[in-house]
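Notes for the one structure printed next.
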Amino acid sequence: MINKIIYLVTNYSGKIPQKLHETVSLDIERLSEFLQGAFSEARVISLDDLANELTSNTIEVESVIFFFCSSQIEQYKSAVFDVAFEVYRRGGILVPGIDSYLAHENKYFQEMYKSRTGIATPSAKLLSTSNSNSTSSLPAVIKPYSGFGSQGVKLAKSKSELKSAIHRNMSSYVFEKINVREIAKRVIKYFVKFPSEYPDKIGRVVIQDFIPNLKHDWKVLVFGDRAFALKRFTRDNDFRASGSGNFDYSSSASEGLIEFAFKTRKSLCVPFVSLDVAESTEGFSIIEYQTIHFGLATAMNAQKFYSLNNGNITITDCQGADVEQLYAKSIIDFIFGEL
């Protein structure tokens with residue numbers, strides 16, 4: 009045991025999602041019990057209470073450990089990042105680190121971060137306005153910067169489809185605001201005072217190289233030295249596997265895939281991660297990833313798990329996983345430097 013406090017930061021409902029749905033929380037009481045064996049105390053605090061205690065300087069955070077909730081609600085996710093960033097700036101220890109909160113449901117940032125950390129990934133181009141140079145090899149996969157389950161993801165086979173997909177994933181600069189007075193001001197600026205000086209549409213979009221002949225991908229959850237893998241088949245007459253519902257929990261992942269997943273977790277420097285992995289003739293690549301607030305069906309419905317022991321991978325049959333125990337052990341091992 010170390011003489012450190014760990015805070016579990018809950019959302020507006022007193023939860024730390026998610027399990028099988030974004031409204032379903034980890035069992036905070038069980039998670040606290042597992043953590044208390046390694047830390048002097050596990051405290052539960054809501055995001056708003058933490059924010060207000062930071063504002064009033066009534067909480068000491070330096071060298072204190074924090075495990076935050078997050079959300080798929082954009083505005084609330086931004087609030088989580090604001091508070092987490094302030095904790096980080098005051099010397100608090102975030103598990104996982106601050107980059108994970110910026111990367112959550114943010115494919116735009118993920119592309120840059122994957123490049124920085126040397127993670128294998130399909131080549132991508134990033135756009136922030138419809139005026140940006142969108143020249144790209146075709147076919148190409150167009151993605152909005154946020155979302156899950158392949159929402160908004162399109163395959164463009166022609167220049168016209170590419171342009172259309174980009175525009176659909178951006179919003180009009182002029183009509184972005186719902187305030188009529190502000191819209192009127194923008195119409196005057198855009199069309200009268202400063203024509204051609206403002207972008208037509210704004211928004212973060214990712215243009216990713218298309219991987220041909222992909223019939224399935226893998227969802228891999230890694231918790232420390234343990235991994236769970238789910239084979240996901242593409243939809244009929246579609247290229248997307250995420251969100252297809254055509255899943256196979258019984259298929260065994262190759263040793264190469266599991267080694268790649270463990271290596272990726274280490275490259276990201278996180279205790280746990282959810283990976284979308286594609287395999288092509290060029291090897292494995294990460295389509296996208298999440299290190300906070302990710303679904304746990306792959307682990308909870310697992311029929312086997314993969315362990316890394318002294319560089320060797322072993323397979324063990326199971327009937328689902330105790331996710332609270334997985335989270336706790338991963339956090340403890342990460343903090344104690346065993347991962």
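If you want our numbering, it's the position in the sequence shown, counting the first as 1, plus 8. Just so you know, even glycine gets a beta-carbon here, dropped at the ideal spot from N, CA and C. Note that the structure is predicted; figures quoted are calculated from it, not measured.
By alpha-carbon positions, which one of the options ends up nearest to residue i?
| i | options | result |
| --- | --- | --- |
| residue 344 | 73, 265, 24 | 73 |
| residue 102 | 188, 13, 168 | 13 |
| residue 303 | 319, 321, 317, 281 | 281 |
| residue 100 | 82, 58, 341, 85 | 58 |
| residue 71 | 78, 84, 97 | 97 |
| residue 7 | 108, 115, 232, 64 | In the structure displayed, the chain extends from 9 to 347; residue 7 sits before or after that span and is not available. |
| residue 95 | 129, 128, 60 | 60 |
| residue 30 | 319, 78, 209 | 78 |
| residue 181 | 196, 207, 168, 200 | 207 |
| residue 272 | 263, 171, 134, 128 | 128 |
| residue 291 | 269, 301, 278, 135 | 269 |
| residue 374 | 264, 202, 120 | The structure shown does not extend to residue 374, since the chain spans only 9 to 347, so no value can be given for it. |
| residue 5 | 92, 301, 261, 169 | Residue numbering for the chain in the displayed model covers 9 to 347; residue 5 lies beyond these limits and cannot be assessed. |
| residue 332 | 187, 39, 123, 151 | 39 |
| residue 330 | 284, 301, 236, 245 | 236 |
| residue 32 | 318, 305, 319 | 305 |
| residue 227 | 91, 205, 295 | 295 |
| residue 135 | 255, 153, 126 | 153 |
| residue 139 | 22, 69, 243, 205 | 205 |
| residue 84 | 319, 337, 301, 318 | 301 |
| residue 337 | 123, 17, 122, 41 | 41 |
| residue 92 | 283, 46, 245, 17 | 17 |
Using a 10 Å radius around the Cβ and a threshold of 16 neighbouring Cβ atoms, would you call residue i buried or exposed?
| i | result |
| --- | --- |
| residue 299 | buried |
| residue 314 | buried |
| residue 43 | buried |
| residue 15 | buried |
| residue 225 | buried |
| residue 293 | buried |
| residue 266 | buried |
| residue 288 | exposed |
| residue 82 | exposed |
| residue 24 | buried |
| residue 209 | buried |
| residue 113 | buried |
| residue 188 | exposed |
| residue 274 | exposed |
| residue 165 | exposed |
| residue 108 | buried |
| residue 104 | buried |
| residue 122 | buried |
Measuring CB to CB, does residue i end up less than 8 angstroms from residue j?
| i | j | result |
| --- | --- | --- |
| residue 118 | residue 297 | yes |
| residue 142 | residue 106 | no |
| residue 240 | residue 250 | yes |
| residue 341 | residue 253 | no |
| residue 34 | residue 335 | yes |
| residue 52 | residue 36 | yes |
| residue 276 | residue 257 | no |
| residue 279 | residue 321 | no |
| residue 11 | residue 64 | no |
Which whole-angstrom value is the C-beta distance of residue i and residue j, which I expect to be below 8 angstroms?
| i | j | result |
| --- | --- | --- |
| residue 229 | residue 307 | 5 angstroms |
| residue 76 | residue 110 | Their Cβ separation, rounded to whole angstroms, is 13 angstroms, which puts residue 76 and residue 110 out of contact at 8 angstroms. |
| residue 19 | residue 55 | 6 angstroms |
| residue 178 | residue 213 | 7 angstroms |
| residue 156 | residue 80 | 7 angstroms |
| residue 170 | residue 150 | 7 angstroms |
Check whether the Cβ of residue i lies closer than 7 angstroms to any heavy atom of the ligand FAD, and answer yes or no.
| i | result |
| --- | --- |
| residue 95 | As for the ligand FAD, it is missing from this structure, which has no ligand bound. |
Using 8 angstroms as the limit for Cβ to Cβ distance, is residue i near chain B?
| i | result |
| --- | --- |
| residue 338 | Of the chains in the structure shown, none is chain B; there is only one protein chain. |
At least 3 beta-carbon pairs within less than 8 angstroms: the stretch 153-161 vs the stretch 191-210 | With the cut-off at 8 angstroms, the stretch 153-161 and the stretch 191-210 do not touch.
Report yes or no: do three or more beta-carbon pairs, one from the stretch 304-312 and one from the stretch 321-334, lie closer than 8 angstroms?
-> Short answer: they touch.
Tell me, please, whether the stretch 138-152 touches the stretch 213-221 by the rule of three or more beta-carbon pairs shorter than 8 angstroms.
-> The stretch 138-152 makes contact with the stretch 213-221, as at least three CB pairs between them are under 8 angstroms.
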